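K.L.:
Number of protein chains: 2
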Amino acid sequence: MLSTGEEVLHGDITDTNAAWLSRRCFEEGFALNRRVTTGDALDDIAIELVRCSQVSDVVIVNGGLGPTTDDLTTEAMAMAMDVDVELNSYWLTALKERFEKNGRTMPKSNIKQAMLPEGAELIDNPVGSACGFSAELNGCLMFFTPGVPSEFKQMFEDEILPRLQARYPNTAKREIQRLYSFGVGESTLNDRFEAIDLPEGFELGYRSALPFIEVKVFSPRQHSEISLITEAIKHAIGDNLVGDGKSLLETMGDLLRESSLRLAVAEKFTGGYLTNWLNENADTQNALTQGWVLSESSLVTENDYNPLAAVLAMATAARENAGVEIGLASGNVEAGRVALGLSTAMGDWGIIVKTGRKLTNEDYRCYASTMMLDMLRRYLTGKEMFPEISALATLESLHIPVEIEQ
Amino acid sequence: MLSTGEEVLHGDITDTNAAWLSRRCFEEGFALNRRVTTGDALDDIAIELVRCSQVSDVVIVNGGLGPTTDDLTTEAMAMAMDVDVELNSYWLTALKERFEKNGRTMPKSNIKQAMLPEGAELIDNPVGSACGFSAELNGCLMFFTPGVPSEFKQMFEDEILPRLQARYPNTAKREIQRLYSFGVGESTLNDRFEAIDLPEGFELGYRSALPFIEVKVFSPRQHSEISLITEAIKHAIGDNLVGDGKSLLETMGDLLRESSLRLAVAEKFTGGYLTNWLNENADTQNALTQGWVLSESSLVTENDYNPLAAVLAMATAARENAGVEIGLASGNVEAGRVALGLSTAMGDWGIIVKTGRKLTNEDYRCYASTMMLDMLRRYLTGKEMFPEISALATLESLHIPVEIEQ
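Going down the list, the sequences are from chains R and E. Here the first sequence stands for residues 1 to 406, where the numbers follow the UniProt record's numbering. Here the second sequence stands for residues 1 to 406, where the numbers follow the UniProt record's numbering.
(1) Taking only beta-carbon positions, decide if residue 159 of chain R is within less than 9 Å of chain E.
(2) Of all the options E:77, E:390 and E:245, which has the alpha carbon lying nearest to the alpha carbon of residue 41 of chain E?
(3) To which residues does DSSP link residue 367 of chain E through a beta bridge?
(4) Closest to residue 83 of chain R by C-alpha separation, out of R:136, R:177, R:230 and R:33, would be which residue?
(5) Within its chain, find whatever has a CB closer than 7 Å to the CB of residue 247 of chain R; leave out the 5 residues flanking it on each side and keep chain order.
(6) Name the DSSP bridge partner or partners of residue 168 of chain R?
(7) If you measure from the beta carbon of residue 9 of chain R to each beta carbon in chain E, is any gap under 9 Å?
(8) Answer with buried or exposed for residue 281 of chain E, where buried requires no fewer than 16 other C-beta atoms within 10 angstroms of its C-beta.
(9) What are the partner residues of residue 235 of chain R, as DSSP defines its beta bridges?
(10) Would you say residue 91 of chain E faces chain R, with C-beta separation under 9 Å as the test?
(11) Could you work out which residues of chain E lie near residue 14 of chain R, taking near to mean beta carbons separated by less than 9 Å?
(12) Can you grab the Cα-Cα spacing for the pair residue 299 of chain E / residue 292 of chain R, in whole Å?
(13) Alpha carbon to alpha carbon, what distance is there between residue 66 of chain R and residue 208 of chain E?
(14) Would you list, in sequence order, the uninterrupted beta strand (DSSP E) runs of no fewer than 3 residues that lie entirely inside the region 195 to 261 of chain R?
(15) Does DSSP classify residue 98 of chain E as helix, strand or coil?
(16) By DSSP, does residue 316 of chain E sit in helix, in strand, or in coil?
(17) If contact means a Cβ-Cβ distance below 7 Å, which residues of the region 330 to 355 of chain R contact chain E?
(18) So with CB distances below 7 Å, who are the chain A contacts of residue 273 of chain R?
(19) With DSSP as the reference, label residue 1 of chain E as helix, strand or coil.
(20) Thinking residue 271 of chain E and residue 275 of chain R are a contact (beta carbons under 8 Å), I'd like their distance in whole angstroms, please.
(21) CB residue 182 of chain E to CB residue 212 of chain E, shorter than 9 Å?
(22) Count the CB pairs spanning the region 105 to 119 of chain E and the region 153 to 165 of chain E that are closer than 8 Å, and state whether there are at least three.
(23) Using a Cβ distance threshold of 8 Å, determine whether the region 44 to 63 of chain R contacts the region 132 to 147 of chain R, with at least three qualifying pairs required.
(24) Nearest CA to the CA of residue 79 of chain E: which residue from E:71, E:49 and E:6?
(25) Are the C-beta atoms of residue 125 of chain R and some chain E residue less than 9 Å apart?
(26) Taking the runs of the beta strand (DSSP E) that are 3 residues or longer, which of them lie wholly in the region 6 to 52 of chain R?
(27) From residue 91 of chain R to residue 163 of chain E, what distance separates their C-alpha atoms?
(28) Can you look up residue 110 of chain E in the DSSP assignment and give me helix, strand or coil?
(29) Whose C-beta lies closer than 6 Å to the C-beta of residue 302 of chain R among residues of the same chain, with five residues either side of it excluded?
(30) Please say whether residue 362 of chain R and residue 345 of chain R have beta carbons closer to each other than 9 Å?
(31) Step through the CB atoms of chain R and report whether any lies within less than 9 Å of the CB of residue 61 of chain E.
(32) Using a Cβ-Cβ distance cut-off of 9 Å, determine whether residue 391 of chain E contacts chain R.
(33) In angstroms, rounded to a whole number, what distance separates the CA positions of residue 145 of chain E and residue 45 of chain E?
(34) Using C-beta distances below 7 Å, list every residue in its chain close to residue 297 of chain E, excluding the 5 sequence neighbours before and after it, in chain order.
(35) Based on the DSSP secondary-structure assignment, which residues constitute the bridge partners of residue 348 of chain R?
Laid out in structure tokens, this is it:
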């Protein structure tokens, strides 16, 4: 891959296209072996195009196809190929029609976007004004793509990937199953998977997306043993599995929708993190009836201060005041200790945890919020309620079963 | 810069070191002109080192200095230089002492981290087990640094940057003033700055960090006109200036601390975004007494539903129920319209806005939360309360002055 642009080279924006393309190519069996970033200067781009063409079979070039004077990738490729640029009348017409459709006249500067190096093949861009193109240089197939992430991604998926697959039909195509775990480290997971005999062409990958670890099961496409192996991996992850092909938040959204349970949340330590997070997903948002953030816990008297009893009182008060089925609460204790509580019609569960790692305050709020959601997940799916959680040591836990009135 | 590592190359982690180094180098007057990313394979790294050495004066290499078998950067450099690796006894002793200090014996695998290419100069790493080193190849000065971001950053600041400055004393050293704006686009800012005559060596840069634009004023170090020019730029940004060397959140923290005002927040549309955000800063966290997130606004009757009156009722109820000086509220209206309210002892202000851009729901919650904080900033600093805001069209606004009882 060759990324162009001063903003990327000088760190004003992070090159998210690069990370995305790298991941997608790897998933599809076309792992990148080299990535280069250069600025906007015509000569620099042209030289880099030549260098890349000399050492790779395929290069995907990103950026520099816009209408402004500092968009020079097309001209650089013409220079590298030692050809002129020529007007592509098909794209010029397409561009003009798009502007007219919106009641505007095409500005002259956009004509530049219909100029391609002689001999290049146009690649359609249904969502933007910059068409892509492909051309060969020194026997290397080069694809040119726009920098706008949505346009870039669509062009890769719809146009470039099919061409790569047609050109390299024997490249192992792979499927990926994604499993998300919480509360267990990568090395522990690795040990748990050791007994699983992977068939040829299967491979495991890990991606740490704190506080979760994404386990990726790579396999040949439509292999007969995919579901067998995936089930074995899921079994090994055990009750640390928080999402099968989806995140914990999505899992919770599905669980809450299916069970028609409603939530209220009282946050002291987590300060709105959980409430805000729940609002990122339509299903969890619908279930969330009320969220409170309290700078001081006004729900308990400080006289007989017992942190576990206090956080359970908060969770219960949240549940009862909002008139819903589930209450979740986080309370401060002291010196890195956090109390978390779950209140339900079937009983209450409370826990005091302490982090074993150097977490920033922000990361700790994330961990504690995840832990609360995970308590609810365990409750809703009938799992062990007080598991060991990596990065968080449990100092105390309390279960108050519901009192059945006679 | 040369970044090494399969995780970076295949997109499993984002190369934050690259963006950071690019920005720091640019700020110090040593702008990068090329960045390459390669995997973990010995040959690939060695070839890339040679290529980089042929086209650059200085290369900073990052990653691959760890104790494990896939950390091969040192060996690759020795291969590129056609020399052997040799034990650096100073670093071996330093490593052993560190392990002993923690009551541990140094594992054998760490000996590898004391091996450097013959002729290389050791670079100290006070915070990690991987020392850095520098060596010349084809007349190019190459620095080798560990991948751990905190170690990498400290090594650059303390060791590499001083060496670069000593080697290139005539490189223009620059200072940067950072100004943050909200509610105004880059092209509008650019127009406003046109009348300002920048002295030689001054330059303006923009970094879009939505919903803010960071304006960077680059200047020669200790130039006599820095404050004059910076003041002129601040004047041109006008009341869109939300932070002088600090973010809006930090600005609000300072304003709230100085004024000893306390906040309560009632969020319907923004769903906890503002409350969670306020909790990221110690000063704003201290000022925040209570935050509510309501799935339905139980504070107003739906009979006489007037969105502006409703959001002001929410803000007022939040303020009065929590017994504090400031109430902020967000309410849904319909179809992309959001009502925002500020309630104070000096009167209430409400506004209905609509986005002109295609914002994701998450981004819209961010914009609306920023708008609420910006209303409070304008109130506390005596600015115009209903400004034009780019990306948000104001549909309606309402000011209810405090009723003075006779």
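We treat Cβ as the ideally placed atom computed from N, Cα and C, and that holds for glycine. Bear in mind the structure is a predicted one, so any value in this text is a computation, not a measurement.
P.N.:
With the structure as the only source:
(1) Taking Cβ atoms only, chain E never reaches closer than 9 Å to residue 159 of chain R, which makes this a no.
(2) E:77
(3) DSSP lists no partner for residue 367 of chain E.
(4) R:136
(5) 180
(6) Partner(s): none; residue 168 of chain R has no beta bridge.
(7) yes
(8) buried
(9) Answer by DSSP bridge pairing: none, since residue 235 of chain R is not bridged.
(10) no
(11) 14, 15, 16, 18 and 19
(12) Note that residue 299 of chain E scores 47 on pLDDT, short of 50, meaning its location in the model is unreliable and no value can be drawn from it.
(13) 18 Å
(14) 203 to 209, 212 to 220 and 241 to 244
(15) In the structure shown, residue 98 of chain E adopts helical secondary structure according to DSSP, grouped into three states.
(16) helix
(17) none
(18) The question asks about chain A, but that chain is absent: this structure's protein chains are R and E.
(19) Shown here, residue 1 of chain E sits in coil according to DSSP, grouped into three states, outside any helix or strand.
(20) 7 Å
(21) Taking 9 Å as the Cβ cut-off, residue 182 of chain E and residue 212 of chain E qualify as a contacting pair.
(22) no
(23) yes
(24) E:49
(25) no
(26) 34 to 38
(27) Roughly 52 Å separates the two Cα atoms.
(28) helix
(29) The pLDDT assigned to residue 302 of chain R is 48, lower than 50, so where the model puts this residue is not dependable, and the model offers no usable value.
(30) Taking 9 Å as the Cβ cut-off, residue 345 of chain R and residue 362 of chain R do not qualify as a contacting pair.
(31) no
(32) The beta-carbon of residue 391 of chain E is placed no less than 9 Å from the nearest beta-carbon of chain R.
(33) 14 Å
(34) Here the model assigns residue 297 of chain E a pLDDT of 47, short of 50, so the residue's position is not dependable, and the following value carries that caveat. The beta carbon of residue 297 of chain E sits closer than 7 Å to those of 268, 310, 314 and 331, all from its chain and outside the five residues before and after it, given in chain order.
(35) R:343 and R:400
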